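Please read the structure below before turning to the comments.
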Amino acid sequence: MKLKRRSIKRGRIEIIPMIDTVVILLIFYMTFSRFAEATRESALVLPTSRAGEDFKKLPQQLIVNMYSSDEVSIGGARYKVTDLPMVMRTYYSNLGRIDPVLAQQMKRGDTKPSIILRGSHDMTYKDLSEFMRICAKTDLRDFLPPNSPAGISEVTFTALEQK
Amino acid sequence: MKLKRRGIKRGRIEIIPLIDTILILLIFYMSFSSFESKEKRIDAKMPLMQTKMTTVTKLELDLTLHVFDQKRILVNGAEFDAETLRDQMRQFTTIPEQQVTVVIEGEPDTSYQAIISALDACAQAKLTKVAFRPLPEKTAAQQANAP
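Heads up: the sequence lines are chains A and B, in that order. Take this note's numbering: the final residue in the first sequence is number 644, and no numbers are missing along the way. Take this note's numbering: the final residue in the second sequence is number 151, and no numbers are missing along the way.
Shown next as structure tokens:
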């Protein structure tokens, strides 16, 4: 009996799935840029530095965009620097609902509350000093192990890479 | 003479120009993200400051950086600028078994860029134990009331 040879299928580019893929990639990039804008304000002009590691936000870190002591932006909402203790307390109390594991780690003392400060380059030391003072006074001991000191000791500063 | 009717052209989506447009948009977004300057982070683990802000705890080798501006930074009284400060700070990394704590302080009108430059010099010299000495509360309040 003679067997029929299977006809060789010629490879070709499928247009429709390609368009689907490209559109999904496009949407992904557009959305991603929007999300980055929400937490890290693009309007803020950062200072420059040579040293430093690549920007990375840890889950327990709160991003604070600071233009001056009277204008602070967190998650798109505007505050004064004096509102920071209230905002931080709200953030870390909500963390228990959003990420209970992380909240427990904080309660055990495995991780510490921390702030990422994105300060505007035209800010002054007076603004920074006010921010530091507020950080030292912020009482987050409800979310930390017993007998923990008050205040936030870990602050990460951000700057643009100096070329 | 009978005239021929023109056939009605059916509208259709042109695939090739569509792909071209989408690809160009995609390349634009991808390039834009890489052209943007990289954001860097400088971690500062600060000794916890007391609410009175008068002392900074446990200083093994207290190195005070008083920043006036980028061209004038005093290191324990000696004057440097942002460039020469980096070399100066590197000398402290060679001190064996010594924990260097850097205390940065400034004038009320010192620019944040100058402070970051000082912090940058510390980070380049691998000095991560940094504290900021805040302005006295009176000065801060006076500055706030000033016109």
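For every residue, glycine included, the Cβ atom is placed at its ideal position computed from N, Cα and C. Quick caveat, the model's predicted, so the values are computed rather than measured.
Got a sec, what are the start and stop residues for the beta strand (DSSP E) residue 83 of chain B sits in? As a first step, residue 83 of chain B is located in the second sequence; it is residue number 79 there, counting from the start. Run containing residue 83 of chain B: 82-84, per the beta strand (DSSP E) assignment.
Leaving out the 5 sequence neighbours to the left and right, which residues in its chain are closer than 7 Å to residue 94 of chain B when beta-carbon positions are compared?
-> The count along the second sequence starts at 1 and reaches residue 94 of chain B at position 90. Once the five neighbours on either side are set aside, the close Cβ partners of residue 94 of chain B are 129.
Residue-chain proximity (residue 655 of chain A, chain B), Cβ-Cβ < 9 Å:
This structure gives no information on residue 655 of chain A, because the portion of chain A shown stretches from 482 to 644.
Indicate whether the contact test is met: 3 or more Cβ pairs, each with one atom in the region 591-606 of chain A and one in the region 623-635 of chain A, closer than 8 Å. Yes, the region 591-606 of chain A is in contact with the region 623-635 of chain A.
Contacts of residue 528 of chain A in chain B (Cβ-Cβ under 7 Å): Mapped onto the first sequence, residue 528 of chain A falls at position 47. Residues of chain B with a Cβ closer than 7 Å to the Cβ of residue 528 of chain A are, in chain order, 116, 117 and 120.
In this structure, what does DSSP give as the bridge partners for residue 136 of chain B?
-> By 1-based counting over the second sequence, the position of residue 136 of chain B is 132. According to DSSP, residue 136 of chain B bridges with B:108.
- [ ] Answer yes or no: does any C-beta atom of chain A fall closer than 9 Å to that of residue 19 of chain B?
- [x] Taking the first residue of the second sequence as position 1, residue 19 of chain B is located at position 15. Closer than 9 Å: yes.
* Backbone secondary structure at residue 72 of chain B - three-state DSSP -> Taking the second sequence and counting its residues from 1, one reaches residue 72 of chain B at position 68. Correct three-state label for residue 72 of chain B: strand.
- How many Å lie between residue 589 of chain A and residue 501 of chain A at the Cα? Taking the first residue of the first sequence as 1, we reach residue 589 of chain A at position 108. Taking the first residue of the first sequence as 1, we reach residue 501 of chain A at position 20. The straight-line gap from Cα to Cα measures roughly 47 Å.
Determine which residues share a DSSP beta bridge with residue 640 of chain A and list them. Locating residue 640 of chain A in the first sequence gives position 159, counting from the first residue. According to DSSP, which records beta bridges pairwise, residue 640 of chain A is partnered with B:44.
**Request:** Would you check if the distance between the CB atom of residue 131 of chain B and the CB atom of residue 104 of chain B is smaller than 9 Å?
**Result:** Numbered from 1 along the second sequence, position 127 holds the residue referred to as residue 131 of chain B. Numbered from 1 along the second sequence, position 100 holds the residue referred to as residue 104 of chain B. The answer is yes: Cβ separation under 9 Å.
Taking the alpha-carbon positions, what's the residue 615 of chain A to residue 609 of chain A distance? Along the first sequence, one-based indexing puts residue 615 of chain A at 134. Along the first sequence, one-based indexing puts residue 609 of chain A at 128. Going from the Cα of residue 615 of chain A to the Cα of residue 609 of chain A covers about 10 Å.
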